[in-house]
Structures are given as structure tokens and as C-alpha cells.
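In UniProt numbering, the protein residues as written are 1 to 135.
Backbone N, C-alpha and C fix where the C-beta goes; we use that ideal spot for every residue, glycine too.
Source: prediction; values computed, not measured.
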Amino acid sequence: MVEHSAFPLDDVFHALADPTRRAMVARLSQSEQTVGELAAPFAITLAAASKHIKVLERAGLVARTVTGRTHVCRLDAAPLHAGMEWMRHYERFWQRGLDTLEGLLVAEDAKRKDKDRGTGADPDPKRDDSEGVQS
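Written out as C-alpha cells, the structure is:
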């Protein structure tokens, strides 16, 4: 039986902090896999893969079914929702930054267009209007 922490969100972020475990979660999002199938793409032993899976199980992200000697793992994405909700709270900070960046880029683009109109410069220097074709 897998023991779960009193701080499930900590367990989810801890589990996802490792690139091997993130790759395992990605593979499990496609289909159920045996421990051997999960270990195959990595240069790790079955024992090491099993340790990674135990971390994912502790976070509630993976459920393992044992039939004889075969261990089949499946993804339980429900704990990801709590992490997503936690991050959504902070979305306003990066959204504000993106909005500011967009405003700066729009202003810069408008300034460039005004300058091009004022100098009579062709905004597309590759265009040769005397012949009506692109050079």
C-alpha cells in the first residue's frame, strides 16, 4: 500500500520535478504501461524505474496493478488539477507581464510605421515599385 503525504501538492510538485518522472507521466498519458515498458526509454534499471514509480504513486499520479509478476501502471491525472489550480492563482502575474510586453511591441510597431511614413521610406526595402515586382 502506498502512503500519501499530509501535503499532497508538495508530493505532486516533487514527483514532477524530475525529468524521468515527467517523461513517465507523459507516456502513461498515452496508455497503461508495465514497469519494464516505462523503464525502456531510459538508461535505468527496473529497480530505479520502480523507485520513480513509487514517487509517482505517493503523489497519487500513478496507480499500479499487480498480476502475478507483471506490474501495470496507469495515470491518475486528478492530482494534477490541484497543481494547476495553485498555478492559476499566479497566472495574473505573468499575464500582466505579457500584456505589458504586447503594449510595448504595438507602440514600437506604430512608431516605426509613423517614421516610415514621415521619411517616405518603403517599409519593405526588397520591393522595387518602379517595376512593380519584388526584387
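Nearest to residue i (by Cα), restricted to the options the options
i           : options                        : result
valine 62   : Ala47, Arg69, Ala78 and Ala110 : Ala78
arginine 58 : Phe13, Val35 and Leu104        : Phe13
alanine 15  : Ile53, Ala82 and Lys113        : Ile53
proline 8   : His81, Tyr90 and Leu101        : His81
Which of helix, strand or coil DSSP assigns to residue i
i            : result
glutamine 33 : strand
alanine 59   : coil
Sub-9 Å separation of residue i and residue j beta-carbons
i            : j                : result
alanine 39   : alanine 49       : yes
threonine 20 : phenylalanine 42 : yes
leucine 46   : glycine 60       : no
arginine 74  : leucine 28       : yes
Continuous beta strand (DSSP E) stretch holding residue i: start and end
i            : result
leucine 75   : 70-75
threonine 20 : Not the beta strand (DSSP E): threonine 20 falls in the alpha helix (DSSP H), residues 19-28.
With 16 other Cβ atoms within 10 Å as the buried cut-off, status of residue i
i            : result
residue 157  : No information on residue 157 is available, as it lies outside the stretch 1 to 135 that the chain covers here.
valine 106   : exposed
valine 87    : For the sequence presented, residue 87 should be read as methionine rather than valine. Looking at its Cβ environment, which holds fewer than 16 other Cβ atoms inside 10 Å, methionine 87 is exposed.
aspartate 11 : buried
glutamine 30 : exposed
Range of the contiguous alpha helix (DSSP H) that encloses residue i
i          : result
alanine 63 : Looking at the DSSP string, alanine 63 is not in any alpha helix (DSSP H); the run it does join, the beta strand (DSSP E), is 62-67.
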